[in-house]
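A.B. asks:
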Amino acid sequence: MAEETTTKKYRPRPDPIVIYRKWCKACGICIELCPQKVFDADRDGYPVVARGLDCTQCSICWVHCPDFAIVSTEK
């Protein structure tokens, strides 16, 4: 009997949060408040998701964002 092999395609998990750069004023609140240190600042001072897999969906970043520039992609 032939052995069946299954190959599963690996899909990396998308970042659990999205930052809308056009809405963001680079205040840095999200970078400072994130307990998991998910964000880094880019060379212009705007936040970027650097460690998305570390995000616990605590909601601190998007609740405190004065520009509503951060949204969760999790359901």
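Numbering (the working numbering), first residue to last: 3 to 77.
Yeah, the Cβ is synthetic: ideal placement off N, Cα and C, and Gly gets one too.
Please read these numbers as outputs of a predicted model, since none were measured by experiment.
Starting from the C-beta of T58, find all residues in its chain whose C-beta is less than 7 Å away, skip the five residues before and the five after it, and write them out in chain order.
C.D. replies: Q38
A.B. asks: Taking only the alpha-carbon atoms, compute the straight-line gap between K27 and C63 and give it to the nearest angstrom.
C.D. replies: 14 Å
A.B. asks: Let me know if V65 comes out buried or exposed under the rule of 16 or more other beta-carbons within 10 Å of its beta-carbon.
C.D. replies: exposed
A.B. asks: On the DSSP bridge list, what partners appear for F41?
C.D. replies: V51
A.B. asks: Identify the residues that DSSP records as bridge partners of I31: which are they?
C.D. replies: DSSP lists no partner for I31.
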